[in-house]
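Participant: Going by our numbering, the first residue of the sequence shown is number 9, and it counts up by one from there.
Idealized CB from N, CA, C, for every residue including glycine.
Starting off with a structure, shown below.
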Amino acid sequence: MRDKAWLDVSIFRCPSCGRHFADASWYVVELESDIECGGCHKTFNAKKQLTDRLMLEFQMDEKGRVREAVTAERI
Ligand SMILES: [Zn+2]
């Protein structure tokens, strides 16, 4: 039987340059962390720039490696 794993992911956008990022929702939504943009290096609050949040489902093989990732649910 194939096992599955899940990750709650938040998508957010830099308010200065418009670049999109994805990070774990516990970090973005629960901790309300400030993040430095990898493009323009400005710091912003990721939660305030949230554009989407979803549950990713990873389908695993018997060795615990990821075979495939799909969107399980939009939160
Ligand atoms: Zn930026």
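1. On the CB-based measure, 16 or more other CB atoms within 10 Å of its CB, does residue 22 come out buried or exposed?
2. Just to confirm, does residue 82 get its C-beta within under 7 Å of one of the non-hydrogen atoms of ligand 1?
3. For a minimum of 4 consecutive residues, which ranges assigned as the alpha helix (DSSP H) are wholly contained in the stretch 32 to 56?
4. Quick check on DSSP: helix, strand or coil for residue 11?
5. Can you look up residue 19 in the DSSP assignment and give me helix, strand or coil?
6. Quick one: grab the DSSP three-state call for residue 76.
7. From which residue to which residue does the beta strand (DSSP E) around residue 60 run?
Facilitator: Let me lay it out:
1. Taking the sequence shown and counting its residues from 1, one reaches residue 22 at position 14. Buried.
2. Along the sequence shown, read from residue 1 onward, the residue named residue 82 stands at position 74. Checking every heavy atom of ligand 1 against the Cβ of residue 82, none is found closer than 7 Å.
3. none
4. As a working note, residue 11 is residue 3 in the sequence shown. Coil.
5. Taking the first residue of the sequence shown as 1, we reach residue 19 at position 11. Strand at residue 19.
6. As a working mapping, residue 76 is identified with position 68 in the sequence shown. Strand, per DSSP.
7. The count along the sequence shown starts at 1 and reaches residue 60 at position 52. 58 to 68 is the extent of the beta strand (DSSP E) around residue 60.
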